[in-house]
Structure formats: structure tokens, C-alpha cells
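Going by this note's numbering, 186 is the number at position 185 of the sequence shown; the sequence numbering is gapless. Using N, Cα and C, we set each Cβ at its ideal position, and we do this for glycine too. In this text the structure is predicted, and so the values were computed from the model without any measurement. Notes follow once the structure below has been shown.
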Amino acid sequence: MPNPQTNQETEHARPGNLPFSLTILGAGSATPTLRLHQTAQLLTMGSDYVLIDCGEGTQLRLIEQRIRPSRLRYIFISHLHGDHYFGLPPLLSSLNLGGRTEDLYLFGPRGLDEVLTTIFRVSNSHLGFRLHFQVVEPNEPALLLDHPQMTVEAIPLQHRIDCSGYLFREKPHKPHLLREKLPADVPVAYLKQLKDGHDILGGNGEILYAVADYTEPGPPPRSYAYCSDTRYVEELVPQLQGVNLLYHEATFLEDNAQRAAEVYHSTARQAATIAAKAGAGRLLIGHFSSRYKQFDLFLDEARTIFPETYLAIEGETTPI
């Protein structure tokens, strides 16, 4: 199964870029199989781990990939169908048993807090760390997180119940200093101003050191969009415009398009159409129905519309 690590050059290794990558933990849909696990992804952003959805068995998948769950800082849940969050209570319990004390930030649909509260109440369980929960409203885009290195926005999806995707955008990088061009005696304060994009002016307003002469632009900011369970919705396109990597569910092939519409899911062709209209860099497709035993047909179908399509393969990490 082709994957974007071996078929696509990325910006990941450029100097000044922090780690920004996606690991697929589960690429299956609601019915579990021996081949695919339920939906979960891990986004690495600098030193932070971000978990996106948490299907049954996610903590085991993290362990299998040698990812320490204790490094998780943010968790984003798309909706309250079990294959997207039934792994969350045991994960939280294990973090507690492991002695976690650091705050954890959880974003998800209304009612998720009630589910967790009930589980921990009836099991007489108490978390030793603070769990911050923020409701994600499903009907319009909204800024959810303004992190020093990235922003996260909600993406309104259309599923059988309230469902949100998530758009992760790296903040713009500061210019790089061309130190070999700068005199050795330049004050440190000047260096900071140049890195912040400001010319250095003399007492009479003349330019002593110009940003254009002594810096080069930093690497372009990267972005990742996660579109969980949803029917084909062209209204997504403006928010997804120009995203570097797009994950879009593709539960069915096009010969089951009517069934997809009935249950508010998408086909591989429809996912590719969204990617093409949005001008995405690459497309990952997943959430495959258990009725399918092979997935190459998904890739073939999508690539007729959007050639830079790849399968979401469990255990593989894709640099963004």
C-alpha cells in the first residue's frame, strides 16, 4: 500500500521546522475486525502529543507504537459514536494509575463530560490530575486552541449525530538570521528585532540593518485537517483551502454512494473531490467499512480525482 512517506517530499526536515507528524493508530470503522482498529490518530507538534479520537483499544495501540501516553497534552473527540471514543475512559484511568499529575485538555461534543463523570462516579474512581473539558459546538467553525506553536479550529461536519472535525495550523515562523552577513559586533537586541521582522533604524531614521538584507523567510507554516465521519459536504472546502495534509473518511466505494448518503458517510471518490476542490497537498483516506477486505480499490477510485491520495495505514507516521 503506497504511503506519503516514500512517495512525497515534505518540508519536515527543513532547518527551523519543529516536528509535525501524524501517526495512524486506527483506520477502521464501527465494526471491529482483526485487520483494522477503530479510529484514533496521534499528532506530534513539537514536544506535544495530540490525540485525535480514541476508539476502543487506543491505549494498546499507543503502547505498540512505543508512544508514551503520559506525554499526551490534548485530546480531541469528534463525536459520541463508540468507535471514536470508547477507548477514552480506560486511557484516562491508566494515566491516573501511572501517577499523572499534569493537566490534560479535552475537547469534544456536549455530553462527553457527562459520560465520563458517570463512569468515574459509579466505579468510585478519582483522577489525580485536572481534566479540562471544552465543549465543541458542531454548527460553525470556531477557534478552540491558541497554542504558542499552533491554532486548532473546529470543522463542522454532517453526520447522524453532532460531529466536528479539527484543523491544526502551525503559526508562521520568524525569519532566519543570515549571521554570516552580519558584523560580529551587532548588539544582541538588534538580532532580536531583525528576527521579529523589524528593520534597525539609526538616530535620524536611516536604515542601519534591513530585514531583507540580513534574514531569509522561515519555512512556510504547515497544516493538517481531520474530517471524521461525514457525508459529502462541499461547504467544507473554504475552511480546508490549501491544507497540506487532509484526512477525510472514505467508508464506502462509489458503488455504495446511496448507502453512504443514507448513513451520512462518504465514498473514496467524494473524499478525493473535497481534496481537489480545496487544493490540498495530500489526502489520507480511512474509516473503511468492515465489508471490504482489500483497500486498493479505494486508492484507485480516489486517485482518478486526486492523484496525491494515500491510504491511512495503521502504524505509519506521515511527516506534514
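Take residue i and list the residues in its own chain whose beta-carbon comes closer than 7 Å to its own, dropping the five residues that flank it on each side.
i       : result
Phe-253 : Arg-260, Ala-261, His-266, Thr-268 and Ser-290
Pro-222 : Arg-170, Glu-171, Lys-172, Pro-173 and His-174
Ile-156 : Pro-142, Ser-165, Gly-166, Tyr-167, Leu-168, Ala-226, Cys-228, Leu-237 and Gln-240
Leu-202 : Ile-208 and Leu-209
Asn-140 : Pro-157
Only counting the same chain, and skipping five residues up and downstream in sequence, which positions put a Cβ closer than 6 Å to that of residue i?
i       : result
Asp-200 : Ile-208, Ala-211 and Val-212
Leu-73  : Tyr-50 and Leu-52
Pro-149 : none
Asn-97  : Leu-128 and Gly-129
Asp-114 : Phe-134
Tell me the DSSP secondary structure of residue i in three-state form.
i       : result
His-398 : With the chain represented from 2 up to 321, any question about residue 398 goes unanswered, as that position is not in the structure.
Ile-314 : coil
Leu-179 : coil
Ser-217 : The question names Ser, but residue 217 in the sequence shown is Glu. Strand, per DSSP.
Asp-163 : coil
Asp-147 : strand
Gln-271 : helix
Ser-290 : coil
Arg-170 : strand
Arg-62  : helix
Arg-1   : Nothing about residue 1 can be reported from this structure: the residues present for the chain run from 2 to 321 only.
Pro-308 : coil
Ser-224 : strand
Val-234 : coil
Gln-242 : coil
Leu-93  : helix
Glu-12  : Here Glu-12 scores only 38 on pLDDT, less than 50, and its place in the model is too uncertain to base an answer on.
List the DSSP bridge partners of residue i.
i       : result
Pro-320 : Ser-22
Phe-299 : Phe-299 pairs with nothing; no bridge assigned.
Gln-42  : Ile-25 and Ile-53
His-133 : Tyr-106
Leu-158 : For Leu-158, which the question treats as bridged, DSSP gives no partner whatsoever.
Arg-283 : Leu-246
Leu-128 : The partner list for Leu-128 (beta bridge, DSSP) is empty, contrary to what the question assumes.
Leu-254 : Note: Leu-254 sits in no beta bridge, so no partner.
Pro-152 : Checking the displayed sequence, the identity of residue 152 turns out to be Thr instead of Pro. Bridge partners of Thr-152: Asp-147 and Arg-170.
Kindly indicate the opening and closing residues of the alpha helix (DSSP H) around residue i.
i       : result
Leu-113 : 113–123
Phe-77  : From DSSP, Phe-77 is part of no alpha helix (DSSP H) but of the beta strand (DSSP E) over 73–77.
Gln-66  : Run containing Gln-66: none; DSSP gives neither H nor E here.
Gln-194 : 189–196
Ala-258 : 258–263
Leu-247 : That residue, Leu-247, is in no alpha helix (DSSP H); its beta strand (DSSP E) goes 246–250.
How far does the beta strand (DSSP E) with residue i in it extend, from its first residue to its last?
i       : result
Leu-105 : 105–109
Leu-37  : Taken as a continuous stretch (DSSP letters only), Leu-37 belongs to no beta strand (DSSP E), as it is neither H nor E.
Leu-209 : 208–210
Quick one: residues in its chain with C-beta nearer than 8 Å to the C-beta of residue i, no 5 flanking neighbours on either side, listed in chain order?
i       : result
His-85  : Gln-39, Thr-40, Asp-54, Cys-55, Gly-56, Ile-78, Ser-79, Ser-229 and Asp-230
Ala-277 : Ile-306 and Phe-307
Glu-302 : Leu-254, Glu-255, Thr-268, Ala-269, Arg-270 and Ala-273
Arg-62  : Leu-26, Gly-27, His-38, Ala-41 and Glu-315
Check whether the Cβ atoms of residue i and residue j lie closer than 8 Å to each other.
i       : j       : result
Gly-282 : Glu-263 : no
Leu-246 : Tyr-225 : yes
Ile-162 : Leu-105 : no
Asp-214 : Lys-182 : yes
Leu-43  : Ile-76  : no
Ser-95  : Gln-66  : no
Val-136 : Arg-111 : yes
Lys-295 : Arg-232 : One detail in the question is off: residue 295 reads as Gln in this sequence, not Lys. Not closer than 8 Å, so no.
Thr-319 : Leu-92  : no
Phe-108 : Leu-145 : yes
Glu-217 : Pro-184 : no
Glu-250 : His-288 : yes
Leu-178 : Lys-196 : yes
Pro-20  : Thr-45  : yes
Pro-90  : Ile-120 : yes
Phe-299 : Leu-312 : yes
Gly-243 : Gly-204 : no
State yes or no: is the beta carbon of residue i nearer than 8 Å to at least one beta carbon in chain B?
i       : result
Asp-301 : Note that chain B does not occur in the displayed structure, where there is just one protein chain.
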